[in-house]
Amino acid sequence: MILSDTIVAVATPHGFGGISVIRISGPDSKNIIKKISLTNRKNKQFKHQAVTLVNIIDNDGLPFEESVVTFFKKPHSYTGEDTIEVSCHGNPSIVNRIVSLCCTSGARPADPGEFTKRAFLNGKMDLVQAEAVASLIHSKTAEGASLNFKILCGDLSKEMNTIKKELKDLLVKIEFELDISEDCLQPNLVSRSLLSLKTIQATIKTALESHNSVRMLNDGANVVICGAPNAGKSTLLNCLSGIDRAITGPEAGTTRDTIRASISIGGTPVTLIDTAGLRVSKNKIEKEGVVRTKKEITRSDCVLALTPADIPIKKKHLKISSGPTIHVITKADLCTKKKIFYFKNKFPSACIISAKTSFGVPKLLDALQKHMGLFSSLSPIVPVTTGRQNLILKKISCCIQKSTNLLSSKGNPQLELVSFELRDALEQIDAVLGKTSTDEILNSVFGSFCVGK
Ligand SMILES: Nc1nc2c(ncn2[C@@H]2O[C@H](COP(=O)(O)OP(=O)(O)OP(=O)(O)O)[C@@H](O)[C@H]2O)c(=O)[nH]1
Ligand SMILES: [Mg+2]
12 MILSDTIVAV ATPHGFGGIS VIRISGPDSK NIIKKISLTN RKNKQFKHQA VTLVNIIDND
72 GLPFEESVVT FFKKPHSYTG EDTIEVSCHG NPSIVNRIVS LCCTSGARPA DPGEFTKRAF
132 LNGKMDLVQA EAVASLIHSK TAEGASLNFK ILCGDLSKEM NTIKKELKDL LVKIEFELDI
192 SEDCLQPNLV SRSLLSLKTI QATIKTALES HNSVRMLNDG ANVVICGAPN AGKSTLLNCL
252 SGIDRAITGP EAGTTRDTIR ASISIGGTPV TLIDTAGLRV SKNKIEKEGV VRTKKEITRS
312 DCVLALTPAD IPIKKKHLKI SSGPTIHVIT KADLCTKKKI FYFKNKFPSA CIISAKTSFG
372 VPKLLDALQK HMGLFSSLSP IVPVTTGRQN LILKKISCCI QKSTNLLSSK GNPQLELVSF
432 ELRDALEQID AVLGKTSTDE ILNSVFGSFC VGK
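Heads up: the sequence shown runs through residues 12 to 464, numbered per our numbering.
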């Protein structure tokens with residue numbers, strides 16, 4: 012696709028620094044840089060993938076900046092168009108002056124994500140890869156960045172294309188069967204089709220299951236520490252974060268508000284949230300504290316439900332959240348070995364700890380990592396990383412399930428309906444890869460990018 016206009020934007024963060032990079036993309040890129048610069052290497056300037064040292068000149072032809080210009084000839088550039096990158100001194104006043112000179116010379120300011128959108132429209136990458144660019148830039152962990160790099164290189168796209176090929180092969184066989192007489196059923200068509208569908212469904216299921224852990228890898232996870240007053244919540248927050256973050260004390264109801272501390276578990280940033288103790292209270296402030304605790308629970312990725320070892324544990328203490336929850340029995344240092352043994356038998360999945368002595372804390376961290384299923388970029392599983400991909404993959408999974416059910420039903424399988432479901436699944440795969448995306452979807456994907464990418 013050839014876009015007729017030329018866009019310009021700063022590709023590096025705003026502010027002072029050694030260098031800032033300004034990106035220009037479109038058919039007029041070369042003309043624009045020629046208009047606003049002077050160089051004494053007249054014949055050798057602006058060759059593909061070569062750098063040219065230039066003086067940037069103002070409207071009166073007076074130089075005010077020395078920059079290095081790199082030219083990428085279409086289609087061998089990020090966007091697939093003629094692209095110029097100006098590396099200038101990292102001073103916002105210089106950067107803004109160059110951008111505005113580019114605009115008066117024929118470029119227009121780029122929209123957020125417009126360079127990547129052009130790369131997508133010019134077939135340099137599919138929509139899954141384009142999304143990986145945004146995720147790579149915003150990923151909060153090295154693991155997340157590595158994973159997004161793999162997806163940018165095409166790992167997930169390859170997986171989608173493999174599924175597409177398998178579904179297409181299946182569809183061809185089903186439609187061939189529909190075209191010939193019923194008596195000539197291809198041998199083992201149903202059993203072989205069911206086997207293929209089972210394999211595809213398993214791949215999709217794994218990709219979907221890892222979506223949540225990947226989200227935590229990119230964005231970080233929220234872990235809420237809750238339980239009755241005096242359960243040892245704030246002491247555990249301080250113990251896990253290694254800082255004296257929250258006030259602790261023997262008085263029940265010490266913590267009234269939510270208190271946050273950041274830690275890293277297996278490379279994933281985790282925000283620990285200490286909360287007000289859950290109890291019925293007439294005190295207005297304490298009541299508000301409990302409301303806030305409940306709000307944090309609904310937004311959490313995992314809840315630590317604390318019960319102290321020195322008071323009887325009731326079922327209601329453990330039913331704090333319907334989401335992932337780890338039962339933590341605190342103050343184990345106050346217990347005899349016999350009591351700890353009793354707890355281990357009665358609550359086999361609970362973590363028994365003492366935040367005072369750190370007993371059981373490493374095991375709690377392991378349990379937390381396991382519970383949240385924190386993802387490793389080294390895993391051979393290729394996960395879906397965005398909400399859009401997750402939603403579409405669920406639809407594909409649904410079509411495959413319907414096809415499986417139709418083929419498994421007794422009597423002659425309704426192959427027309429199977430064919431309809433498979434076609435739907437194929438359309439959804441094209442939607443994941445961006446082959447059939449509407450402007451609205453593209454705007455929502457690229458609108459979340461930063462300007463200059
Ligand atoms: N022996 C022992 N005491 C603990 C332990 N953890 C907490 N405590 C004590 O228990 C009391 C309550 O601890 P906090 O951490 O303030 O309890 P909390 O759950 O935050 O209490 P509220 O904020 O009032 O809801 C304090 O006196 C702590 O020193 C522990 O592991 N062992
Ligand atoms: Mg507290």
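Each residue gets a CB set at the ideal place from its N, CA and C atoms; glycine is no exception.
Phe187 carries a helical assignment under DSSP once its states are collapsed to helix, strand and coil.
The stretch 150 to 170 makes no contact with the stretch 401 to 414, as fewer than three CB pairs between them are under 8 Å. If you compare the alpha carbons of Ile43, Ala218, Glu177, Ala239 with that of Lys327, the shortest gap goes to Ala239.
Not one heavy atom of ligand 1 falls within 8 Å of the beta-carbon of Ala272.
In this structure the stretch 177 to 185 lies against the stretch 204 to 212, because at least three pairs of beta carbons, one per stretch, are closer than 8 Å. Secondary structure in the stretch 76 to 163: the alpha helix (DSSP H) runs of 4 residues or longer, each lying completely within the stretch, are 103 to 115, 125 to 132, 138 to 149, 153 to 163 in chain order.
Between Thr90 and the set Asn133, Leu147, His59, Gly165, the nearest pair of CA atoms involves Asn133. As a beta-bridge residue in DSSP terms, Asp285 pairs with Ile236, Ile270. When the alpha-carbon of Cys461 is set against those of Ile18, Asn107, Ala22, the nearest one is in Ala22.
Contact annotation: Glu297 and Leu228 have beta-carbon atoms that are not nearer than 9 Å. Cα atoms of Lys46 and Phe457: separation of roughly 30 Å, rounded to the nearest angstrom. As the crow flies, the alpha-carbon of Ser31 is around 18 Å from that of Ile43. The continuous stretches of beta strand (DSSP E) do not include Ser419, which lies in the alpha helix (DSSP H) extending over residues 398 to 419. Taking a cut-off of 8 Å on C-beta distances, the stretch 123 to 138 touches the stretch 437 to 457, as three or more cross pairs fall below it. With a cutoff of 8 Å, Ser245 counts as near ligand 2, since its C-beta is closer than that to a heavy atom of the ligand. As far as DSSP is concerned, Leu428 takes part in no beta bridge.
Going by beta carbons, Lys151 and Pro280 fall inside the 9 Å limit.
Gly37 and Gly463 have their C-alpha atoms some 14 Å from each other. Lys357 has its alpha-carbon roughly 50 Å from the corresponding atom of Asn172. Considering only Ile407, Asp312, Asp230, Leu112, the residue with the shortest C-alpha distance to Glu438 is Ile407. For Gly28, DSSP records a beta bridge to Gly101. Taken through DSSP and simplified to helix, strand or coil, Arg34 comes out as strand. Distance from Cys237 to Ile308 at the Cβ level is roughly 6 Å; contact confirmed, criterion being Cβ atoms closer than 8 Å.
Look at Ile440 here: in three-state DSSP terms it is helix. Under the DSSP assignment, Ala316 falls in the beta strand (DSSP E) whose first and last residues are 313 to 319. Judged by DSSP secondary structure, Thr336 falls within the beta strand (DSSP E) whose first and last residues are 336 to 341.
With a cut-off of 8 Å, the C-beta of Ile308 is classified as distant from ligand 2, since no heavy atom of the ligand falls inside that distance.
For Asn199, no alpha helix (DSSP H) segment is defined, and its DSSP state is neither H nor E. The distance from the Cβ of Leu251 to that of Ile274 is about 6 Å, consistent with a contact at the 8 Å cut-off. Rounded to whole angstroms, the Cβ separation of Asn102 and Phe27 is 6 Å, and the two are in contact under 8 Å. Its Cα nearest to that of His87, the residue Ala61 stands out among Phe75, Gly72, Ala61, Asp71. Taking each of Asn249, Val291, Glu125, Arg271 in turn and checking the Cα distance to Val19, the smallest one comes out for Glu125.
Measuring C-alpha to C-alpha distances from Val79 to each of Leu73, Gln56, Asp71 identifies Gln56 as the nearest. Taking a contact to require three or more Cβ pairs closer than 8 Å, the stretch 287 to 297 and the stretch 263 to 277 qualify as touching.
Put simply, of Thr210, Arg310, Ser448 the residue whose alpha carbon is nearest the alpha carbon of Glu170 is Thr210.
Here the alpha carbon of Leu433 sits roughly 13 Å from the alpha carbon of Gln425.
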